[in-house]
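Asks: First to last, the sequence lines map onto chains A and B. Sequential numbering of the first sequence, starting at 1, is according to my numbering. Sequential numbering of the second sequence, starting at 117, is according to my numbering. Idealized CB from N, CA, C, for every residue including glycine. Since the structure is predicted, the reported quantities are computational estimates derived from the model, not experimental observations.
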Amino acid sequence: MAQTLVKKIGTQVWIHCQGRTFLVDTPSARKRKRTAHGSAEVDGKIRAPMPGKILKVLVSPGVLVKHGETLLVMEAMKMEYALKAPLDGKVKTVKATVGSTVVLEEILVELEAPAK
Amino acid sequence: MRVAIVNRGEVAVRIIRACQELGYASILIHSTPDKHTTAYRIADETYELEGQAAADTYLRIDSVVNACKNVRADLVHPGFGFLSENAAFAQALEEAGLTFIGPSAHSIALAGNKIKAKELAHKAGVPTVPSITNLDSDPQKQLEQARSIGFPCIIKAAAGGGGKGMKVVRKDSEFFEQLESASREAKAAFGSSTVFIEKFLETPRHIEVQIFGDKKGNLLHFFERECTIQRRHQKIFEETPSPSVNDSLRKSICEAALSLATAAHYYNAGTVEFLLDGDRFYFMELNTRLQVEHTVTELVCGVDLVKLQIEVAQGHELPFGQADIIQRGHALEVRVYAEDSARGFLPSIGKLTEVKLPLGPQRRFDFGFESGDEITPFYDPMIGKVITWATSRRDNLARMYATLCDTVVFGIHTNIEFLKDVLINEKFERNQVSTRFLDQEYQNGFTPLPPTPEQETEIKKALSSSQGPEAQFETKSSAHEALVRSPWSEVWRA
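Quick look at the structure:
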């Protein structure tokens, strides 16, 4: 309880103190992330939230999708996860293919705001 | 005796240790990535099945049976999951002259198919939940069948277990999507896409009975376990004795379990699972294997179920009778998963850069990985189990909380903080729960508490001193504040 355990791996620091574990970005990494990394709501890019396999691709370029609509289904550790549209929009590109293995943060689908 | 273990992770470790106590040679049959696990390091001998995915390794009957023959095994322990409830595997081993540590291929086929198991329960006079087991091939008719049971209903894999291939359907419009998804998961996890539909009870509890038989026809039970705390049908908390069962209910549910086991001519370890709705219980399934949560029964009944499995498989008689088995104290198990609970419970994959499981009174850690090992995307996300025992449930919840506070996993995210959050939930403490408790309580996800000011200070200190590419150090912080301040002090006063 009284001991604080710290381990830095790359740009992240794991800390266990007072009965809890925390994962914190180093200050420099935090700054880089803020400038380089938009959220999907902003940039329309659907990224793999985990490494895994693509089971289903339910959309194709040019299709209009609604917020919450399932775009892809992927699998990791034997469980299925549906990736849903974070906004209403039009599918610009589909980079994921059924059966392929993707890495964390890989861009799978790009959406763009529908023409007004 | 030579025992082949066809499994991985913590259960492989558990079985290897049992073999070592018995003085038997343990031979681990493992996939390529599983060289970097505790089981690989502690097994007497190892044999590699080249490949990564379970379908190419642990689930391949032909190569597994070959491996068992090649290592000259006398006995084969399948652990749980994978081929543990596969009748064809048990049969293939028998034909190869090897002894399967588990029930007969006949019992597995009977019980492993959830549809046949329901018929068995009828015969044994054990109540079951209303269901459709003969799904039509025509989609429109399937929908009508589902409607005849009424929504909500649940689609389950006929060959399933462990929460995989299970989908709840709340309305017509969800039916086909969920049916397809359940079949697909069933196919991937169990090799068969056959599913059935069951009435979905809204607020049931999950109670199961540990049964055990020898090949001479003796059958015993080791009382019940309660596994009501589940997330998406996956058990997370398991305890015994059940706080929801009184002595008369305990007696009737254990007797029902034994009648079913008798009807199945059962031997070796098995578990009869029931749903408890008020004071009525319904048979759900018969699991023909060791359960993940066997540990709590071991602590409360003072028995080694894995050693007993190995003894009984060799034809030995059970060394005690029903009257010798008593429940003493309270045991609780929590499952530690490689997942990011705070980010939608997504799987977390990567290297375990640090694992610390500090010893303490009545704590048991069943883990399959150590510092430096890798959690891969190929298998189940469970990395280990924490089990505690105390004289009362109340004391034990506090003991588990303290134990989880001491447990350290770096490198991947785990559900430890989530487990602690459940532990201090008043409804859990008062046992006002159902199998849907977690899904309701966390329907908007799980948000960990922000760090306390003291923790903030520690984090800042750690950040400022973590210079260089791979810093690692320990410092002293201001003593036992976290424990004194923990929500427990509030809960216990209430």
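Can you tell me which of the three DSSP states Ala-274(B) falls into?
Replies: Here Ala-274(B) sits in coil by DSSP.
Asks: For Met-516(B), which three-state DSSP category applies?
Replies: Of the three classes helix, strand and coil, the one that applies to Met-516(B) here is helix, per DSSP.
Asks: Between the beta-carbon of Arg-396(B) and the beta-carbon of Ser-200(B), is there less than 7 Å?
Replies: Taking 7 Å as the Cβ cut-off, Arg-396(B) and Ser-200(B) do not qualify as a contacting pair.
Asks: Does DSSP put Asp-393(B) in a helix, a strand or coil?
Replies: The answer is strand: DSSP assigns Asp-393(B) an E or B state.
Asks: Among the residues of its own chain, which have a CB less than 6 Å from the CB of Glu-354(B), if the five just before and after it don't count?
Replies: Taken in chain order, the residues that qualify are Arg-341, Cys-343, Glu-409, Val-412 and Glu-449.
Asks: What do you reckon, are the CB atoms on Gln-326(B) and Phe-338(B) nearer than 7 Å?
Replies: Result yes, Cβ atoms of Gln-326(B) and Phe-338(B) sit closer than 7 Å.
Asks: Let me know the secondary structure DSSP gives Val-109(A) once reduced to three states.
Replies: In the structure shown, Val-109(A) sits in a strand (DSSP, three-state: E or B).
Asks: Taking the beta strand (DSSP E) that Phe-353(B) falls in, what are its first and last residues?
Replies: 353-356 is the extent of the beta strand (DSSP E) around Phe-353(B).
Asks: Taking only beta-carbon atoms, is Pro-194(B) less than 7 Å away from chain A?
Replies: With 7 Å as the cut-off, Pro-194(B) does not count as an interface residue toward chain A.
Asks: Report the neighbours of Ile-107(A) on chain B: residues whose CB is nearer than 7 Å to its CB, in chain order.
Replies: Here the premise fails: no neighbours, minimum Cβ distance about 17 Å.
Asks: Within the same chain, show all residues whose beta-carbon is closer than 7 Å to that of Phe-316(B), passing over the 5 residues directly before and after it, in chain order.
Replies: So the list reads Pro-268, Cys-269, Ile-270 and Val-284, once near-sequence residues are dropped.
Asks: Can you check the segment 160-232 of chain B for any beta strand (DSSP E) of at least 3 residues that lies completely inside it and give the ranges in chain order?
Replies: Segments of the beta strand (DSSP E) lying fully in the segment 160-232 of chain B: 161-165 and 191-193.
Asks: Can you list, in chain order, the residues of its chain whose CB lies under 7 Å from that of Gly-38(A), leaving out five sequence neighbours each side?
Replies: Only weak support exists for where Gly-38(A) lies, its pLDDT of 47 falling under 50; the value from the coordinates is given anyway. Closer than 7 Å at the Cβ level, and outside the excluded window around Gly-38(A), lies no residue.
Asks: What first and last residue would you give for the beta strand (DSSP E) that runs through Cys-17(A)?
Replies: Its beta strand (DSSP E) spans residues 12-17.
Asks: What residue range does the alpha helix (DSSP H) around Tyr-156(B) cover?
Replies: That run of the alpha helix (DSSP H) goes 154-158.
Asks: Pull up the CB-CB distance for Leu-376(B) and Ala-237(B), whole angstroms please, since I reckon it's below 8 Å.
Replies: With 8 Å as the limit, Leu-376(B) and Ala-237(B) qualify as a contact, their Cβ atoms being about 6 Å apart.
Asks: Classify Arg-609(B) as buried or exposed, calling it buried when 16 or more other Cβ atoms lie within 10 Å of its own Cβ.
Replies: With a pLDDT of only 33 at Arg-609(B), under the threshold of 50, the placement of this residue in the model should not be trusted; the figure read from the coordinates follows. Exposed, since its Cβ has fewer than 16 Cβ neighbours within 10 Å.
Asks: Looking at Arg-509(B) and His-446(B), is the spacing between their C-beta atoms short of 7 Å?
Replies: Against a cut-off of 7 Å, the Cβ pair of Arg-509(B) and His-446(B) comes out as a contact.
Asks: Examine chain B for any beta-carbon lying closer than 7 Å to the beta-carbon of Ile-15(A), and answer yes or no.
Replies: Ile-15(A) counts as touching chain B.
Asks: Using C-beta distances below 7 Å, list every residue in its chain close to Glu-106(B), excluding the 5 sequence neighbours before and after it, in chain order.
Replies: Residue 106(B) is absent from the model: chain B starts at 117 and stops at 610.
Asks: Between the segment 353-368 of chain B and the segment 293-307 of chain B, do at least 3 Cβ pairs fall closer than 8 Å?
Replies: No contact exists between the segment 353-368 of chain B and the segment 293-307 of chain B.
Asks: Quick one: is His-322(B) buried, meaning 16 or more other Cβ sit within 10 Å of its Cβ, or exposed?
Replies: Looking at its Cβ environment, which holds 16 or more other Cβ atoms inside 10 Å, His-322(B) is buried.
Asks: Using Cβ-Cβ distances below 8 Å, what residues of the segment 235-264 of chain B are close to chain A?
Replies: The segment 235-264 of chain B vs chain A, Cβ under 8 Å: nothing.
Asks: Can you look up Glu-503(B) in the DSSP assignment and give me helix, strand or coil?
Replies: According to the sequence shown, residue 503(B) is Ile rather than Glu. In this structure, Ile-503(B) counts as strand in the three-state DSSP scheme.
Asks: With respect to the alpha helix (DSSP H) encompassing Val-422(B), which residues constitute its N-terminal and C-terminal limits?
Replies: Where Val-422(B) is concerned, the enclosing alpha helix (DSSP H) stretches over 421-429.
Asks: Among Gly-167(B), Glu-166(B), Gln-168(B) and Ile-145(B), which one has its Cα closest to the Cα of Arg-157(B)?
Replies: When only C-alpha atoms are compared, the closest one is Ile-145(B).
Asks: Could you work out which residue in Phe-328(B), Val-119(B) and Thr-244(B) is closest to Leu-209(B) when comparing CA atoms only?
Replies: The candidate whose alpha carbon is nearest that of Leu-209(B) is Val-119(B).
Asks: Leaving out five residues before and five after Lys-90(A) in sequence, what residues of the same chain have Cβ atoms less than 8 Å from its Cβ?
Replies: Contacts found: Gly-62, Val-63, Leu-64, Val-65, Leu-111, Glu-112, Ala-113, Pro-114 and Ala-115.
Asks: Using a cut-off of 9 Å between C-beta atoms, extract the partners of Ala-113(A) located in chain B.
Replies: By Cβ distance, chain B contributes nothing, its closest Cβ being about 25 Å from Ala-113(A), past 9 Å.
Asks: Tell whether a beta-carbon distance below 7 Å holds between Ser-302(B) and Gly-276(B).
Replies: Residue identity differs from the one stated: residue 302(B) is Ala in this sequence, not Ser. Closer than 7 Å, so yes.
Asks: Starting from Gly-329(B), follow the beta strand (DSSP E) in both directions and report where the run begins and ends.
Replies: Looking at the DSSP string, the run of the beta strand (DSSP E) that includes Gly-329(B) is 321-329.
Asks: Which residue or residues does DSSP assign as beta-bridge partners of Cys-417(B)?
Replies: The partner list for Cys-417(B) (beta bridge, DSSP) is empty, contrary to what the question assumes.
Asks: Quick check on His-238(B): does DSSP put it in helix, strand or coil?
Replies: DSSP places His-238(B) in helix when its eight states are reduced to three.
Asks: Along chain B, which residues have their Cβ under 9 Å away from the Cβ of Gly-68(A)?
Replies: None at all; the shortest Cβ gap to chain B is about 14 Å.
Asks: Kindly say whether Thr-153(B), judged by its beta-carbon, lies nearer than 7 Å to any beta-carbon of chain A.
Replies: No, Thr-153(B) does not count as interfacial toward chain A.
Asks: Among His-16(A), Cys-17(A) and Lys-56(A), which has the Cα closest to the Cα of Lys-95(A)?
Replies: Per the Cα distances, Lys-56(A).
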